[in-house]
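Notes follow once the structure below has been shown.
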Amino acid sequence: MQGVQVRLNRFILRSLQEEELRPGFWEVRWDPLPSRQENLFQLLGKAANRVGGVATPWQSGLVAWTAPRIQEGEVRGLSQAYRFTLRDGGALLLDPARVQEREVLSRLAQKKLEAGLKQVYGQSRRYQVEGNLILGGEIRSGNGWRIRKGSRLRARVDHTGQLVLEVEIVHRILPTLTLEAWLQGFPEPRRVRNTYENPPGRRQTWRFLRLEPELKPREVDLGGVSLFDYHAGKGRLSSEEQAGRVVRVADDSGAEFFHLTGLLEPVLTLEDLVELGLEAEAALALQIGPEERFSQAQKTARGIAERIFGVPRAEPVVAQAYLLPKPQLKAGRGQRIGKPADALRKGALKAQDATVGLLVVEGKPEWPQALRKPLQDMARASGVRLRLADPIAVARGDLRGLDLASSLDQLAQQEVAALLVQTPPLTWEERNRLKRASLQRTLPSQFFNPPLAEHKLDNILLGLASKLGWRMVGLEGEYPAEVAVGFDAGVDGSRSLRYGGAACAVTADGGLLSWILPEAQRGERIHEDVVWGMVQEVLLRFRRLAGRWPRHVLLLRDGKTQRQEFTLALEELARKEIGYDLVSVRKSSGGRVYPVEGGRLRDGLYVPLPEEEDKVSFLLLTAYPGEGRMKGTPRPLKVVHEEGPTPVEELARQIYHLSRLYPPSGYRFPSLPAPLHLADRLVREVGRVGLGSLHGLDREKLFFV
1 MQGVQVRLNR FILRSLQEEE LRPGFWEVRW DPLPSRQENL FQLLGKAANR
51 VGGVATPWQS GLVAWTAPRI QEGEVRGLSQ AYRFTLRDGG ALLLDPARVQ
101 EREVLSRLAQ KKLEAGLKQV YGQSRRYQVE GNLILGGEIR SGNGWRIRKG
151 SRLRARVDHT GQLVLEVEIV HRILPTLTLE AWLQGFPEPR RVRNTYENPP
201 GRRQTWRFLR LEPELKPREV DLGGVSLFDY HAGKGRLSSE EQAGRVVRVA
251 DDSGAEFFHL TGLLEPVLTL EDLVELGLEA EAALALQIGP EERFSQAQKT
301 ARGIAERIFG VPRAEPVVAQ AYLLPKPQLK AGRGQRIGKP ADALRKGALK
351 AQDATVGLLV VEGKPEWPQA LRKPLQDMAR ASGVRLRLAD PIAVARGDLR
401 GLDLASSLDQ LAQQEVAALL VQTPPLTWEE RNRLKRASLQ RTLPSQFFNP
451 PLAEHKLDNI LLGLASKLGW RMVGLEGEYP AEVAVGFDAG VDGSRSLRYG
501 GAACAVTADG GLLSWILPEA QRGERIHEDV VWGMVQEVLL RFRRLAGRWP
551 RHVLLLRDGK TQRQEFTLAL EELARKEIGY DLVSVRKSSG GRVYPVEGGR
601 LRDGLYVPLP EEEDKVSFLL LTAYPGEGRM KGTPRPLKVV HEEGPTPVEE
651 LARQIYHLSR LYPPSGYRFP SLPAPLHLAD RLVREVGRVG LGSLHGLDRE
701 KLFFV
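Mapped onto the UniProt record's numbering, the consecutive letters of the sequence shown carry residue numbers 1 to 705.
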């Protein structure tokens, strides 16, 4: 592999000092003793925040770089309060070469960083500090929103005892209105944030559930005190007019609370601005090229190093990277292609005769000429016949009514395999309702809005082909794993449940084996029985197709693997002598990579990292079109090899090449490997349309892309 050097968004500050390697240890005595239901680490974390200084949990007590300001206090548990008392346990020698001790030192470094940010920048009107986030000046604004540029900072200690600062240049889209004022002219937001800090330096974020128009702030009882009086007593309110209306919100655990629109503000994302039609001006402000972004990160690192850690310089980490061989896509009859759109002209890898329906919402029931010929050309190139069913029209106002149900039933009676849906711009609620109704009649649907430009038309055709169960593209070459399975978790429409799902691909030919019906669950963790059930289904399907078990399986988990999720599956694979590798793929933990001066980035960039958590990990840049086609700076994946025998370079090559197996997109590739990207799309779509819509649907039809 060709070697190149890259710069990371990490800066070496200095080695830890002797006294930092010997923090003070403080025993914690509880009254009463916490019950078994309590999370002791969380209670200790609350105690560390309460006592002040730079302290963090360690075993059954606290370690601290500065003496606690108070020696006793009280913290709240699940159902009761616990008094705590600290007792000086002397100095403790920590070794950064040991994983757990290194993590403690990193937490102390982060505490020191956040305390320093608040002290140095928190008092200035120019800056806004929230934990590890520091925001500077405003760079764009609009009706109800503004954009501020800043940095998200993370201090950590590496295995050699070096203090390292990670700097990510960020943009925060901020509201200029309270939730009450926002609701006068804009739709309800998905998430909201307190306008006040609690605890100091932190503003709680909530999921917005609903307005409670029947309730008044003085009428909501919070155990002997009204909602209004509770906040007024803490100095947050001075009048009922300021309070606004009562709303229901939920925290990340799902616990629901009453709140007030006058004490909340919407949390805005670029997706929200897109829905409001404001994306062009906002998106333009968020794009920063690699050189400019690195320059800003380095300037920030030097300022933090000097003002908080007393270091005159911050040296960027330069890492050795390698360029992996590029993947080669193939279409029907083994023809080589450069992108999935080429398969429309060359022919699909695997296709079968089918009937396609057309449902027109608010229009004439007729096949557009712009679609009829390309559909037949796609089928002809693939060597199959495509019958176009008689089109049916339905009024937009009937998307809940019997006319829609009757129309879909007519199409199902014609043995339609997949449905094209021509619509005017619809709300998300209308789209989801229409998708749900179609799926209940085993009709996966591909939506489109005229006019049909070339790239848009190609993506519609590729999306339809995927919903027909066709396989448009495959990969040429040999790979360590014959089967790759992606696992993800996502939320339902009410955000009260999560789903664990899987999507799979055979890397030898790119054929998707199956999607797995997600399992409803609470929390991010997928139960080990569910994981093994999904893997079993994949193995059985492979055996039906190939006449044998796969020799090697690649299991991909989105985000960090949760404890015991894969224990049962790995035990059963080993019992059957089926080889495996388990990796976790983290979209947001990889930071950034920057070229060294005069260099250029390219996709397929593989950057080995020093061992963390006693596991091999690397950064992987999978889908970067180049500086000429992308103004911003790409974000690599962080991949952690959890278990398995495959050499890490071969794992990196297979994961990189798997990012090319997403056929519904004709011209661009996702950053995630296809099994994970498909799993992500699957759980999102099931969250929108519900599990009940999917019974009887062919598992080869990708209804969710």
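Cβ coordinates follow ideal geometry from the N, Cα and C atoms, glycine included.
Within 8 Å, strictly: CB atoms of residue i and residue j
| i | j | result |
| --- | --- | --- |
| G61 | V28 | yes |
| V170 | R152 | yes |
| L468 | A418 | yes |
| L702 | S466 | yes |
| F186 | L227 | no |
| E366 | P424 | no |
| A389 | L452 | no |
| P340 | P663 | yes |
| Y624 | P610 | no |
| V356 | Q422 | no |
| I139 | R126 | no |
| K350 | G598 | no |
| Q287 | K631 | yes |
| P636 | I655 | no |
| N132 | E114 | yes |
| A437 | V553 | no |
| L329 | L222 | no |
| L344 | L462 | yes |
| I134 | G150 | yes |
| P217 | V246 | yes |
| A331 | V473 | yes |
| R433 | L399 | yes |
Any non-hydrogen atom of the ligand ZN closer than 7 Å to residue i Cβ
| i | result |
| --- | --- |
| I392 | The ligand content of the structure shown is nil, which means the ligand ZN is not present either. |
Three-state class that DSSP yields for residue i in the structure shown
| i | result |
| --- | --- |
| Q42 | helix |
| D95 | coil |
| W532 | helix |
| N143 | coil |
| T261 | helix |
| residue 706 | Only positions 1 to 705 of the chain appear in the structure, and residue 706 is not among them; the question remains open. |
| K299 | helix |
| A546 | helix |
| N194 | strand |
| K456 | helix |
| L186 | Rather than Leu, the amino acid found at residue 186 in this sequence is Phe. Three-state DSSP puts F186 in coil, outside helix and strand. |
| W58 | strand |
| G690 | coil |
| I70 | coil |
| F309 | coil |
Buried versus exposed, by CB contacts within 10 Å (16 or more), residue i
| i | result |
| --- | --- |
| M1 | exposed |
| E18 | exposed |
| G644 | buried |
| G687 | buried |
| H455 | exposed |
| N39 | exposed |
| P325 | exposed |
| L539 | buried |
| D614 | exposed |
| Q376 | exposed |
| Y606 | buried |
| P200 | exposed |
| residue 707 | Residue 707 cannot be examined here, being either before or after the span of the chain that is shown, 1 to 705. |
| T561 | buried |
| R543 | exposed |
Cutoff 8 Å: residue i Cβ touching any chain C Cβ
| i | result |
| --- | --- |
| G644 | No chain C is present in this structure, which holds just one protein chain. |
### Sequence ranges, alpha helix (DSSP H) only - wholly within the segment 574-612, length at least 4
none
### Message
As an exercise, report each continuous alpha helix (DSSP H) stretch of at least 4 residues that is fully enclosed by the segment 636-686, in chain order.
### Response
648-658
### Query
For the 8 Å Cβ check, are there 3 or more pairs between the segment 3-18 and the segment 584-599?
yes
### Task
May I have a chain-ordered list of the beta strand (DSSP E) segments no shorter than 3 residues that lie completely inside the segment 385-418?
386-388, 392-394
#### Entry: Length-filtered (3 minimum) beta strand (DSSP E) runs lying within the segment 101-155
128-130, 133-142
### Query
At which residue ranges does the segment 206-259 contain complete alpha helix (DSSP H) runs of 4 or more residues, listed in the order of the chain?
227-233, 240-243
### Query
Can you list, in chain order, the stretches of the beta strand (DSSP E) that have 3 or more residues and sit fully within the segment 325-396?
354-361, 386-388, 392-394
### Task
Say whether the segment 405-416 touches the segment 444-451, bearing in mind that this needs 3 or more beta-carbon pairs closer than 8 Å, one atom from each stretch.
no
### Task
Decide yes or no for the touch test of the segment 96-112 against the segment 56-72: beta carbon pairs closer than 8 Å, at least 3 of them.
yes
### Query
Is the number of C-beta pairs between the segment 199-206 and the segment 224-239 that are closer than 8 Å three or more?
no
### Task
Taking 8 Å as the threshold, find out whether the segment 117-126 comes into contact with the segment 77-95 through three or more Cβ pairs.
no
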